[in-house]
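Below is one structure, written out as structure tokens; comments come after it.
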Amino acid sequence: MLTFEEKQTIIESFPELTRKDVSLKRLNYHYEDSLFDKTVVVQHLHPNGNAFVYVAGIPGYEADERGLINVREATEEELRKVITDSIKGLAQEESEAEPIEQHWINAEGEKLVLMEELGAWNLYHGLNLEDSFGDYAEALAYLKEEQFKEVKVAGDSK
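Heads up: the sequence shown begins at 3 in the numbering used here, then just goes up one per residue.
Right, dumping it as structure tokens:
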């Protein structure tokens, strides 16, 4: 688990976020250019390492009733991704959101394509549906377990 200081350093590496101190030594980070009334991206970063990130309406995340997910156990990569996704979600109109498509390959050269479609994460081998997942984290865990690595392809939306 990342420490409070490590999380704070990662969060503060996003220049578009503004820090605001709140009660009990907790910190909030706002995206002031949000197109919505909601501006908080990171809520209640606590010295014990607990924090929440706003992801309401962003495919691939299972948010609570407030639109937040807990990032207490997040890795640096996961924390950076969820913050980036949150900022993008607050920065674009719903109609501007492009479908997500990622390309993955393993050591044997097998290629898979992960696509977000109608709220599900579908994994394709060529034109064949290999598997379907309820959220991005599940799909990502599967791909890593099967030792696939993401590859950047011209035209990838990410």
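All residues carry an ideal CB built from backbone N, CA and C; glycine is no exception.
This one's a predicted model, so the numbers in the text were calculated from it and none came from an experiment.
Worksheet item: Looking at the unbroken alpha helix (DSSP H) that takes in Arg-82, where does it start and where does it end?
Response: Secondary structure note for Arg-82: its alpha helix (DSSP H) is the uninterrupted segment 78-93.
Discussion item. Mapping the DSSP letters down to three states, classify Lys-146 as helix, strand or coil.
Written reply: Three-state DSSP puts Lys-146 in a helix.
Practice prompt. Compare the beta carbon distance of Val-43 and Ile-12 with 8 Å and say whether it is the shorter of the two.
Written response: Judged by their CB atoms, Val-43 and Ile-12 are not nearer to each other than the 8 Å cut-off.
Worksheet item: Does the beta-carbon distance from His-46 to Asn-30 come in below 8 Å?
Response: Between His-46 and Asn-30, the CB-CB gap stays under 8 Å.
Fill in: Assumed close pair Val-57, Gly-69 - CB separation to whole angstroms, cut-off 8 Å
The C-beta separation of Val-57 from Gly-69 comes to about 6 Å, placing the pair in contact by the 8 Å criterion.
Worksheet entry | C-alpha distance - Gly-128 paired with Glu-7, whole-angstrom precision | Near 44 Å, if we compare the C-alpha coordinates of Glu-7 and Gly-128.
Practice prompt. Mind checking which residues open and close the alpha helix (DSSP H) that includes Ile-13?
Written response: First-last of the alpha helix (DSSP H) with Ile-13: 6-14.
Fill in: Inter-residue Cα distance where the pair is Asn-124 and Val-153
CA-to-CA, the gap between Asn-124 and Val-153 works out to about 17 Å.
Worksheet entry | Ala-122 in three-state terms, based on DSSP | In this structure, Ala-122 counts as strand in the three-state DSSP scheme.
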